[in-house]
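Chemist:
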Amino acid sequence: MKTVMIVDDASTVRMFHKMLVSSDDRVVEEAENGVEALEKAIGTPIDLFLVDVNMPKMDGYRLCKEIRQNELLRAVPIIMISTESATQDAQRAYQCGANFYMTKPVDADALKSVVSAVLGGS
Numbered sequence: 003m004k005t006v007m008i009v010d011d012a013s014t015v016r017m018f019h020k021m022l023v024s025s026d027d028r029v030v031e032e033a034e035n036g037v038e039a040l041e042k043a044i045g046t047p048i049d050l051f052l053v054d055v056n057m058p059k060m061d062g063y064r065l066c067k068e069i070r071q072n073e074l075l076r077a078v079p080i081i082m083i084s085t086e087s088a089t090q091d092a093q094r095a096y097q098c099g100a101n102f103y104m105t106k107p108v109d110a111d112a113l114k115s116v117v118s119a120v121l122g123g124s
């Protein structure tokens with residue numbers, strides 16, 4: 003069983019992404035911001051993070067850096083998903099340690115494909 007954590011301050015976005023990435027062999031955890039995500043991730047093994055950029059308390063860039071600096075989490079893949087579509091936004095995400103960068107509204111099939119590829123076809 004793989005665990006995907008969706009981190010977004012918008013409950014409707016979390017619900018939509020959960021619908022897209024849920025499957026028989028995946029569990030989905032949710033967090034409203036980076037602080038909550040880190041707290042939950044310490045106690046729950048996470049196989050993939052889907053992270054929004056613009057959130058209160060701790061934005062996605064900071065969360066990405068925190069994940070990469072955490073010994074337990076640093077190897078976990080991160081897909082950043084944001085309304086920010088400029089090239090420099092994607093570059094910043096990659097500099098923070100993101101594995102993929104997608105813009106909202108995310109293409110459903112593209113997200114499913116990337117998640118499956120990252121999780122090894124699961």
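Every letter in the sequence shown is one number past the one before it in the numbering used here, and letter 108, counting from 1, is 110. C-beta: ideal position from N, C-alpha, C; glycine also.
1. Which residue from Val15, Lys106, Ile69 and Glu73 puts its Cα closest to that of Gln97?
2. By DSSP, does Ile44 sit in helix, in strand, or in coil?
3. According to the neighbour-count rule (16 or more other Cβ atoms, all chains shown, within 10 Å of its Cβ), is Met104 buried or exposed?
4. Tell me whether Ala39 is buried or exposed, calling it buried when 16 or more other Cβ atoms sit within 10 Å of its Cβ.
5. According to DSSP, what are the bridge partners of Arg70?
Modeler: Quick answer:
1. Ile69
2. helix
3. buried
4. buried
5. Note: Arg70 sits in no beta bridge, so no partner.
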